[in-house]
Amino acid sequence: MLEVFKGGVPVIPTLERWYEEFKLEGYGAMIPFIGIVRPDNGIEGLSFDLYLPMLNEWFKKWQNLNDCKITMAHSFGDVMVGETSFLCAVFTKHRTEGFKYLEEFVEDFKANAPIWKYDLKDGKRIFASDRAKELPGAGILSS
Amino acid sequence: MVKVEFLGPINKEAVEIDVKNLKELKEYLSNDEELKGWLENSAVAVNDKLVTSLDVELKDGDRVAVLPPVCGG
Chain A
0 MLEVFKGGVP
10 VIPTLERWYE
20 EFKLEGYGAM
30 IPFIGIVRPD
40 NGIEGLSFDL
50 YLPMLNEWFK
60 KWQNLNDCKI
70 TMAHSFGDVM
80 VGETSFLCAV
90 FTKHRTEGFK
100 YLEEFVEDFK
110 ANAPIWKYDL
120 KDGKRIFASD
130 RAKELPGAGI
140 LSS
Chain B
0 MVKVEFLGPI
10 NKEAVEIDVK
20 NLKELKEYLS
30 NDEELKGWLE
40 NSAVAVNDKL
50 VTSLDVELKD
60 GDRVAVLPPV
70 CGG
């Protein structure tokens, strides 16, 4: 399940909803990850663009695991310091494989999910190019 | 016609152009000063699938997306 929210993700209601939905499906571990916007470099917040058709496509491969269920939510638009822009939860039978999946999932998300981050600073929206990663095949249209 | 969209921070309106393959598209975009810095680090998707080679034919109605480096979370 992939959900998107305009502005910060409502953390507790979303986690509670996911917990209620999957608590009777035989998973002994639910491992949440809550990504909080830090006040680095004097920013007021972050802002995000996402490209939903390819985000959904990217997420598909994480929906077909035999031994794990993953849910995630992400923001678009502005998310202020202290709010949450990325929330996910990994459900597994035991915690050990859950922590492994969480790490793999977040790494893949950071490298491949079609989302663009901007710093909100002094009333401007500035692309966070220093934290961005090229997607596979980057540069093929360059001469 | 092929619709070309420029995603995220590129900040450029989509264009509809008559090209038969990605090589022709590369040629067409090479004249665009606005894109010069972006094409070096942007990936390309055809109908929402990433491609890693220019050997891709395009047909009427196809959609191409130019995707700059990503950073979610």
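Going down the list, the sequences are from chains A and B. Numbering that gives the first Met the number 0 applies: residue 0 is where the first sequence begins, and numbers increase by one. Numbering that gives the first Met the number 0 applies: residue 0 is where the second sequence begins, and numbers increase by one. Just so you know, even glycine gets a beta-carbon here, dropped at the ideal spot from N, CA and C. This structure is a prediction, so every number in the text was calculated from the model and none was measured.
Give me the Cα-Cα distance between residue i and residue j, rounded to the nearest whole angstrom.
i, j, result
"histidine 90/A", "glutamate 26/B", "Note on residue identity: the sequence assigns phenylalanine, not histidine, to residue 90/A. Their Cα atoms are separated by approximately 48 Å."
"leucine 64/A", "glutamate 102/A", "15 Å"
"aspartate 54/B", "glutamate 56/A", "23 Å"
"glutamate 96/A", "cysteine 67/A", "9 Å"
"proline 67/B", "glycine 138/A", "9 Å"
"glycine 76/A", "phenylalanine 47/A", "5 Å"
"tyrosine 18/A", "lysine 92/A", "14 Å"
"tyrosine 50/A", "phenylalanine 21/A", "28 Å"
"aspartate 47/B", "arginine 62/B", "8 Å"
"asparagine 30/B", "glycine 60/B", "23 Å"
"arginine 16/A", "valine 69/B", "29 Å"
Shorter than 8 Å from the beta carbon of residue i to some beta carbon of chain D?
i, result
"serine 46/A", "The structure shown contains no chain D; its protein chains are A and B."
Verify whether the separation of the beta carbon atoms of residue i and residue j is less than 8 Å.
i, j, result
"valine 8/A", "alanine 72/A", "yes"
"glutamate 56/B", "lysine 19/B", "yes"
"glycine 44/A", "valine 80/A", "yes"
"leucine 140/A", "leucine 49/B", "no"
"glutamate 23/B", "methionine 0/B", "no"
"glycine 71/B", "lysine 109/A", "yes"
"arginine 130/A", "lysine 116/A", "yes"
"glutamate 82/A", "valine 36/A", "yes"
"tryptophan 149/A", "phenylalanine 104/A", "Outside the modelled stretch of chain A, which goes from 0 to 142, sits residue 149/A, for which no answer is possible."
"leucine 21/B", "leucine 28/B", "no"
Under three-state DSSP, which class holds residue i?
i, result
"tyrosine 18/A", "helix"
"lysine 132/A", "strand"
"isoleucine 16/B", "strand"
"valine 36/A", "coil"
"threonine 13/A", "helix"
"isoleucine 30/A", "strand"
"isoleucine 9/B", "helix"
"glycine 41/A", "helix"
"glutamate 32/B", "helix"
"alanine 64/B", "strand"
"glutamate 24/A", "coil"
"leucine 1/A", "strand"
Between the Cα of residue i and the Cα atoms of the options, which residue gives the shortest distance?
i, options, result
"proline 31/A", "Leu45/A, Phe85/A, Trp61/A, Gln62/A", "Phe85/A"
"glycine 6/A", "Ser74/A, Ile35/A, Phe126/A, Ala127/A", "Ser74/A"
"glycine 34/A", "Ile11/A, Lys99/A, Cys67/A, Glu20/A", "Ile11/A"
"leucine 14/A", "Val105/A, Thr70/A, Ile125/A, Val36/A", "Thr70/A"
"proline 113/A", "Arg124/A, Arg37/A, Glu133/A, Pro38/A", "Glu133/A"
"leucine 1/A", "Lys59/A, Ala137/A, Arg124/A, Lys92/A", "Lys59/A"
"alanine 64/B", "Met53/A, Trp61/A, Gln62/A", "Met53/A"
"glutamate 4/B", "Val69/B, Ser52/B, Ala44/B", "Ala44/B"
"arginine 94/A", "Lys116/A, Glu24/A, Met29/A, Tyr117/A", "Met29/A"
"alanine 127/A", "Ile42/A, Gly136/A, Gly27/A", "Ile42/A"
"glutamate 32/B", "Asp59/B, Ile9/B, Lys58/B", "Ile9/B"
"valine 78/A", "Asn111/A, Asn40/A, Tyr100/A, Asp118/A", "Asp118/A"
By the DSSP assignment, the beta strand (DSSP E) with residue i in it spans what residues?
i, result
"methionine 79/A", "67 to 79"
"glutamate 26/B", "Run containing glutamate 26/B: none in the beta strand (DSSP E); it sits in the alpha helix (DSSP H), 21 to 28."
"leucine 119/A", "114 to 120"
"lysine 2/B", "1 to 5"
"alanine 44/B", "42 to 45"
"serine 84/A", "83 to 91"
"valine 8/A", "Unbroken run through valine 8/A: none, as it is neither H nor E."
"leucine 49/B", "48 to 50"
"isoleucine 125/A", "123 to 126"
Hey, quick one: how far does the alpha helix (DSSP H) through residue i stretch, first residue to last?
i, result
"tyrosine 100/A", "94 to 111"
"tryptophan 57/A", "51 to 59"
"lysine 35/B", "35 to 38"
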